[in-house]
Amino acid sequence: MSAIYIAGIALCSVLAQWVAWAFRVPAILFLLLTGLLLGPFSGVLDPDALLGDLLFPVVSLSVAVILFEGSLTLHFRELKGISKVVRNLCSIGMLMTCVVISLSAYWLLELNWRVAAVLGAVLVVTGPTVIAPLLNSMRPTQDIDRILRWEGIVIDPIGALFAVLVFEAVMLVGQGEVLSHTIIALVKTVGVGLSIGVVSGWITTQLMRREWLPFELHKFGILALVLISFSISNHLSHESGLLAVTVFGIWLANQDDLEIDSVLEFKEDLSMILISTLFILLAARLQLSDLMMLDSDVFIFLAIVLFIARPLCIAISTFGTDLPMKSRLVLAWIAPRGIVAAAVGSVFALSMIEAGVADAEKMVPLIFTVIIVTVVLQSLTAIPVAKLLGVRQPSPNTILIIGANHVSRAIARGLKEQNIPVHLSDPAWENCKMARMDGLPCYYGNPQSEHAERYLPLTTIRSVLALSPNRHHNALGVQYFSHLLNEKNVFSLRSSSSHAKANKDSATFLSRQILFGENGAYARLSSVIAKGGKVSATRISEEFSWQQYLEMNSEAIPLFILKGDKDSDEDAPVKMRPFTSDMEKPPQEGERVIALQPPKISVLKDPANNKAKDNKKDES
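For the sequence shown, my numbering begins at 382 and goes up steadily by one.
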């Protein structure tokens, strides 16, 4: 029977993720609703009865993996370049939010001071998994987008670490320890966590650098090391495991010559599974009686969280900066809570309930209430608020090119010369390096990953061109971005019909293999460029019609049609449409045609033909 319940949870998490994908909202909302429907409202799922004594270890280990995955993205070199605002948000702003929420919970809700302190520490954390979908639909200005994304990335592990330290401190005081013993125990917890994290990171680094661990075991091996590091650290010092895995991830992330991309991709997939499962399980644990414990004062508490704690945090963090007031107002409104708050808070609540701390059972319902209210309210109002304040970016105008090979780079350079913003992506570092040497922005990695949501400028992308020689990369890109941007804005090079039949390509991918018409095959484009072909633009006019262009450039491969002046400002960007096999409207007067022109040598007469003509002249 347990197997059926576990399989059902997996199915429900997939369905919740799919519904969130269809409505383009953070998945956390539907995961929470699913958990509430299965748990307190219907009584179908009882996590405590299902897992028994394993519930606490499962939740704890899952949180450890999630925090480890988040810390793998925390690079010191990137922290050096972040703005003063982000730095303040993750330091003094975080402390201010904790103080305001803790005091409100203590005085207004009359919670035990230990529970109030931990609640305030847990609710400082936002999360990139919630922020990213919201920003993609909201499209705020660059300063807002950058600040919120970086806040979500940085405050995830830092906030979790802060919550661990606060929890340790209040639990030690609550046990009646004198101040000196409390400080000693806290130092012990931090020392053990730091030591285990650094040692684990060093061992893992040596295993990978010296190739003592085969490549195919990197993912599973590091996962095992994460779990054992967490368990050993907790065994030596209670609740130090979260600190250990966070330090472990940061250590690996900052090793320059260490290849961890495959590990990061694996951890992203694993984190998605764990996040989905955890949210359903934790929401299902809520009881209607627990929810009923929350009286009308909860609404005042929520108002303080939304309208006092966050605005005060932003006011302090942006003090003395040149950030516009409109941007500050948007930042003061957008702060949805995510998985770290729910998971870490649930772990702490279980520990405090076991320790017999008063009001500990109220912490989880309060956390989930804040999560639901912030996600729903801010998701619904983000776009109207951005429009009202005039901080929403104009329609996206960047072209994302999947692949940074020599064909993609040549086409990207041609578009850039015509004032068309481009951004390339490629999982091969050599291709990305060559693109960046050409002055072309390039994302190194998989454009469909959660990591790409954080680092790719998705809010500015208008169209996607799949130009990779790897048809699987093109297929994945088309499938992913067809939903995100609308199918009509996604195009791909043609693949051979035999490959399509053998690999059972989706209808969407088949329908979008229309880029550059009959000449839209990678081999053809690559051959012309390898021979010295160049991408150039020609204006169609009354004196030089489209038919004349075709007659004089019969060997050229038309790529795009541009409408608008090259020197247009951002408010009136150049409009672009690619040549496709189903294109009905040819280039009009005033428009420019971007084409791949063959090398000049290709238009010279063949020497054999010249020789034949000379012989004819001699005969005559």
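Each residue gets a CB set at the ideal place from its N, CA and C atoms; glycine is no exception.
Which of helix, strand or coil does DSSP assign to residue i?
i, result
"C471", "coil"
"V444", "helix"
"K600", "helix"
"A881", "Here A881 scores only 49 on pLDDT, less than 50, and its place in the model should not be relied on; the value that follows carries that caveat. Helix at A881."
"M964", "coil"
"T478", "helix"
"I753", "helix"
"H456", "coil"
"P438", "helix"
"Q860", "helix"
"P775", "coil"
"L896", "strand"
"I641", "coil"
"R875", "strand"
"A847", "strand"
"A739", "coil"
"P959", "strand"
"R973", "strand"
"V506", "coil"
"V803", "strand"
"L781", "strand"
"Q668", "coil"
"Q398", "helix"
"Q829", "coil"
What does the Cβ neighbour count give for residue i, buried or exposed, with the cut at 16 atoms within 10 Å?
i, result
"T513", "First, the amino acid is wrong: residue 513 is Ala here, not Thr. Buried, because 16 or more other Cβ atoms sit within 10 Å of the Cβ of A513."
"Q928", "exposed"
"E798", "exposed"
"F422", "exposed"
"H864", "exposed"
"L669", "exposed"
"Q587", "exposed"
"N469", "buried"
"E972", "buried"
"W488", "exposed"
"P521", "buried"
"D952", "Legend: pLDDT at D952 = 42, less than 50; position of this residue unreliable, no value from coordinates given."
"P438", "exposed"
"Q894", "buried"
"L553", "buried"
"P808", "buried"
"I385", "exposed"
"E450", "buried"
"L392", "exposed"
"N867", "exposed"
"L769", "exposed"
"F1061", "This structure cannot settle anything about residue 1061, because the visible part of the chain is limited to 382 through 1001."
Measure the Cβ-Cβ separation of residue i and residue j and say whether it is below 9 angstroms.
i, j, result
"I528", "L712", "yes"
"G578", "V499", "no"
"L436", "L662", "yes"
"L516", "D526", "yes"
"T570", "S394", "no"
"L823", "A767", "In the sequence on display, residue 823 carries Cys and not Leu. Not in contact: C823 and A767 (Cβ atoms no closer than 9 angstroms)."
"A665", "L419", "yes"
"V756", "R718", "yes"
"P959", "I942", "yes"
"L683", "V607", "no"
"L857", "L906", "no"
"G795", "K915", "yes"
"V871", "T919", "no"
"S518", "I921", "no"
"V721", "I534", "no"
"R495", "V406", "no"
"E742", "A724", "no"
"S698", "V466", "yes"
Original post:
In the stretch 902-943, which residue ranges form an unbroken alpha helix (DSSP H) of at least 4 residues, counting only runs that do not cross its ends?
Top reply: Complete alpha helix (DSSP H) runs here, min 4: 903-911 and 927-933.
Original post:
What are the start and end residues of each continuous alpha helix (DSSP H) run of 4 or more residues lying completely inside the stretch 581-637, in chain order?
Top reply: Here the runs fully enclosed are 599-617 and 622-634.
**OP:** Inspect the CB distances between the stretch 680-693 and the stretch 704-719 and report whether three or more fall short of 8 angstroms.
**Re:** In this structure the stretch 680-693 touches the stretch 704-719; the number of beta carbon pairs closer than 8 angstroms is three or more.
Original post:
Mind pulling the alpha helix (DSSP H) runs of 4 or more residues that sit fully within the stretch 680-720?
Top reply: Taken in chain order, the complete alpha helix (DSSP H) segments of 4 or more residues contained in the stretch 680-720 are 691-698 and 706-714.
Subject >> the stretch 607-622 touching the stretch 574-590, judged by at least three CB pairs closer than 8 angstroms >> reply: Yes, they touch.
Original post:
Below 8 angstroms, can you find three or more Cβ-Cβ pairs linking the stretch 531-543 to the stretch 739-757?
Top reply: Put simply, the stretch 531-543 does not touch the stretch 739-757. Fewer than three CB pairs are less than 8 angstroms apart.
**OP:** May I have a chain-ordered list of the beta strand (DSSP E) segments no shorter than 3 residues that lie completely inside the stretch 519-575?
**Re:** Complete beta strand (DSSP E) runs here, min 3: none at all.
Original post:
Between the stretch 868-877 and the stretch 892-905, do at least 3 Cβ pairs fall closer than 8 angstroms?
Top reply: They touch, by the three-pair rule.
Subject >> the stretch 627-639 / the stretch 585-603 touching (three or more Cβ pairs under 8 angstroms) >> reply: Yes: at least three Cβ pairs fall under 8 angstroms.
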